[in-house]
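Chemist:
Numbering (the numbering used here), first residue to last: 5 to 302.
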């Protein structure tokens, strides 16, 4: 019985090896481009599987081609590495490349540094959004974790494999929520710094006054909004120097609206915290309009 050796010969020629290396290289490059240009992610596993399969076939071809070449060489001139060793080495290197592509090639929309992430978000803000963020207090930024923070973690790959951005945020504690907080705080500092100096100083003076006014436990049950506003203004008047005082106001049309709110503390809490308790049900909001605070409907 005659056994054909054509398949073996086909995988043992330099011409075949060159063709396989070319096809493998193009496949690995296409896989990287697929990720970079953010084409459908569902096809990425197929590109990876194709590249790994081609890597193994190319490694077999490299080993057989090496065996054929070494067999034609005088024994004393043969290298110390065997054809099998060449094939195994080729397999390790060629399989590692698509795996590295899958791990380290990021979609082009993923920033890999905090500065790049902040710049990208800043460019997406319109004037109103930029002003709203700049007027937030630093302590209120934690409330953005479920909205802006979730968007950052999803869009910038922090929930999956954007390790470079996570490392730039905090090399010791690479956590998606921590990184989102760092990016948000840096974005806030940038838009706050872009406010006109006089406006920024007035805003910061107002925020400082809100933290300096301290209140004990209080309860307001079904009272006019004007009564709560008067209570806050009296606390400001008695606790702050006249040069740093500000006024809490509301729309006259809302002054007689009945409201209920209460806060209970062991010591005291700031006016900012008390206003946060009042607005937490979502019916009312507090807008900063230096040198005043405006209580209005949400």
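Idealized CB from N, CA, C, for every residue including glycine.
Can you tell me the Cα-Cα spacing of residue 297 and residue 32, whole angstroms?
Modeler: Residue mapping note: residue 297 aligns to position 293 of the chain shown, counting from 1. Residue mapping note: residue 32 aligns to position 28 of the chain shown, counting from 1. About 59 Å.
Chemist: Could you tell me how far apart the beta carbons of residue 18 and residue 69 are, in whole angstroms, since I believe they sit closer than 8 Å?
Modeler: The residue given as residue 18 occupies position 14 in the chain shown. The residue given as residue 69 occupies position 65 in the chain shown. Yes, they are in contact, since the Cβ atoms of residue 18 and residue 69 sit about 6 Å apart, within 8 Å.
Chemist: In three-state terms, what does DSSP make of residue 165?
Modeler: Counted from its first residue, the chain shown places residue 165 at position 161. Residue state, collapsed to three classes: coil.
Chemist: Report yes if the CB atom of residue 265 is closer than 8 Å to the CB atom of residue 236, and no otherwise.
Modeler: Residue 265 sits at position 261 when you count from the first residue of the chain shown. Residue 236 sits at position 232 when you count from the first residue of the chain shown. The answer is no: Cβ separation not under 8 Å.
Chemist: By the 10 Å Cβ neighbour count, where 16 or more other Cβ atoms means buried, how is residue 184 classified, buried or exposed?
Modeler: Walking along the chain shown from the start, residue 184 turns up at place 180. Counting Cβ neighbours within 10 Å, residue 184 comes out buried, since at least 16 surround it.
Chemist: Kindly indicate the opening and closing residues of the alpha helix (DSSP H) around residue 127.
Modeler: For this step, residue 127 is matched to residue 123 along the chain shown. Residues 118 to 128.
Chemist: Taking only the alpha-carbon atoms, compute the straight-line gap between residue 262 and residue 219 and give it to the nearest angstrom.
Modeler: Taking the chain shown and counting its residues from 1, the one referred to as residue 262 is at position 258. Taking the chain shown and counting its residues from 1, the one referred to as residue 219 is at position 215. Rounded to whole angstroms, residue 262 to residue 219 spans 22 Å at the Cα level.
Chemist: For residue 85, count neighbouring Cβ atoms within 10 angstroms of its own Cβ and tell me buried if that reaches 16, exposed if not.
Modeler: By 1-based counting over the chain shown, the position of residue 85 is 81. By the 10 Å Cβ count, residue 85 comes out exposed.
Chemist: Given that a residue counts as buried once 16 or more other Cβ atoms are within 10 Å of its Cβ, and exposed if not, what is residue 110?
Modeler: The residue you call residue 110 lines up with position 106 of the chain shown. Answer is buried; the Cβ neighbour count reaches 16.
Chemist: Quick check on this structure: which residue in 277, 99, 41 has the alpha carbon closest to the alpha carbon of residue 211?
Modeler: Reading the chain shown from its first residue, position 207 is the one you call residue 211. Per the Cα distances, 277.
Chemist: For residue 195, count the other beta carbons within 10 Å of its own beta carbon; 16 or more makes it buried, fewer makes it exposed. Which is it?
Modeler: Sequence index remark: in the chain shown, residue 195 carries index 191 (1-based). By the 10 Å Cβ count, residue 195 comes out buried.
Chemist: Might you give, ordered along the chain, the residues of its own chain that have their beta carbon closer than 8 Å to the beta carbon of residue 231, omitting 5 neighbours on each side?
Modeler: In the chain shown, residue 231 corresponds to position 227, counting from 1. Same-chain partners within the cutoff: 224.
Chemist: Taking residue 82 and residue 74 to be in contact with their CB atoms under 8 Å, please state how far apart those CB atoms are, rounded to whole angstroms.
Modeler: Start at 1 with the first residue of the chain shown, and residue 82 comes out as number 78. Start at 1 with the first residue of the chain shown, and residue 74 comes out as number 70. So it is a contact: roughly 5 Å between Cβ atoms.
Chemist: If I'm right that residue 121 touches residue 169 with Cβ under 8 Å, what's the distance once you round it to whole angstroms?
Modeler: Taking the chain shown and counting its residues from 1, one reaches residue 121 at position 117. Taking the chain shown and counting its residues from 1, one reaches residue 169 at position 165. Between residue 169 and residue 121 the Cβ distance is about 6 Å, and since that is below 8 Å, they are a contact.
Chemist: Which of the three DSSP states is assigned to residue 219 in this structure?
Modeler: Residue mapping note: residue 219 aligns to position 215 of the chain shown, counting from 1. Strand, per DSSP.
Chemist: So, residue 316 versus residue 192, is the Cβ gap smaller than 8 Å?
Modeler: Outside the shown range of the chain (5 to 302) lies residue 316, about which nothing can therefore be said.
Chemist: State the Cα-Cα distance for the pair residue 284 and residue 274, rounded to the nearest angstrom.
Modeler: Counted from its first residue, the chain shown places residue 284 at position 280. Counted from its first residue, the chain shown places residue 274 at position 270. Residue 284 and residue 274: Cα-Cα distance of roughly 15 Å.
Chemist: Figure out for me which residue from 24, 126, 173, 286 has the closest Cα to the Cα of residue 117.
Modeler: Sequence index remark: in the chain shown, residue 117 carries index 113 (1-based). The shortest Cα separation from residue 117 among 24, 126, 173, 286 belongs to 173.
Chemist: Measuring CB atoms only, is the stretch 48 to 59 touching the stretch 126 to 137, in the sense that at least three cross pairs come out at less than 8 Å?
Modeler: No, they do not touch.
Chemist: Under the three-state reduction of DSSP, which class applies to residue 76: helix, strand or coil?
Modeler: Looking up residue 76 in the chain shown gives position 72. Coil at residue 76, not helix or strand.
Chemist: Let me know the secondary structure DSSP gives residue 90 once reduced to three states.
Modeler: Taking the first residue of the chain shown as position 1, residue 90 is located at position 86. Three-state result, residue 90: helix.
Chemist: May I ask you to verify whether the stretch 89 to 108 touches the stretch 128 to 143, counting CB pairs closer than 8 Å and requiring at least 3?
Modeler: Flag = no, the stretch 89 to 108 and the stretch 128 to 143 do not touch.
Chemist: Quick one: give me the first and last residue of the alpha helix (DSSP H) that residue 184 is part of.
Modeler: Start at 1 with the first residue of the chain shown, and residue 184 comes out as number 180. Taken as a continuous stretch (DSSP letters only), the alpha helix (DSSP H) holding residue 184 covers 180 to 197.
Chemist: Do you know offhand how far residue 9's Cα is from residue 180's?
Modeler: As a first step, residue 9 is located in the chain shown; it is residue number 5 there, counting from the start. As a first step, residue 180 is located in the chain shown; it is residue number 176 there, counting from the start. Low confidence applies to residue 9: its pLDDT is 41, below 50, so where it sits in the model is not reliable enough to give any reading.
Chemist: Counting along the chain, where does the alpha helix (DSSP H) carrying residue 281 start and finish?
Modeler: Taking the first residue of the chain shown as position 1, residue 281 is located at position 277. 275 to 283 is the span of the alpha helix (DSSP H), which, as asked, contains residue 281.
Chemist: Could you tell me which of 208, 300, 289 sits nearest to residue 255, measuring between CA atoms?
Modeler: The residue you call residue 255 lines up with position 251 of the chain shown. When each option's Cα is compared against that of residue 255, the closest is 300.
Chemist: Determine the burial state of residue 59: buried for a count of at least 16 other Cβ atoms within 10 Å of its Cβ, exposed for fewer.
Modeler: In the chain shown, the residue the question calls residue 59 occupies position 55. Buried, because 16 or more other Cβ atoms sit within 10 Å of the Cβ of residue 59.
Chemist: Enumerate in chain order the residues of its own chain whose CB-to-CB distance from residue 72 is below 6 Å, with the five nearest sequence positions on each side excluded.
Modeler: On the chain shown, residue 72 is found 68 positions in, with the first residue counted as 1. Closer than 6 Å at the Cβ level, and outside the excluded window around residue 72, lie 16.
Chemist: Residue 259 and residue 229: beta carbons closer than 8 Å?
Modeler: Looking up residue 259 in the chain shown gives position 255. Looking up residue 229 in the chain shown gives position 225. Yes, they are a contact pair.
Chemist: In the DSSP output, what is residue 251 paired with across the bridge?
Modeler: Position 247 of the chain shown, counting from 1, holds the residue named residue 251. 296, per the DSSP bridge assignment.
Chemist: Please classify residue 141: does DSSP put it in a helix, a strand, or coil?
Modeler: Residue 141 sits at position 137 when you count from the first residue of the chain shown. Correct three-state label for residue 141: coil.
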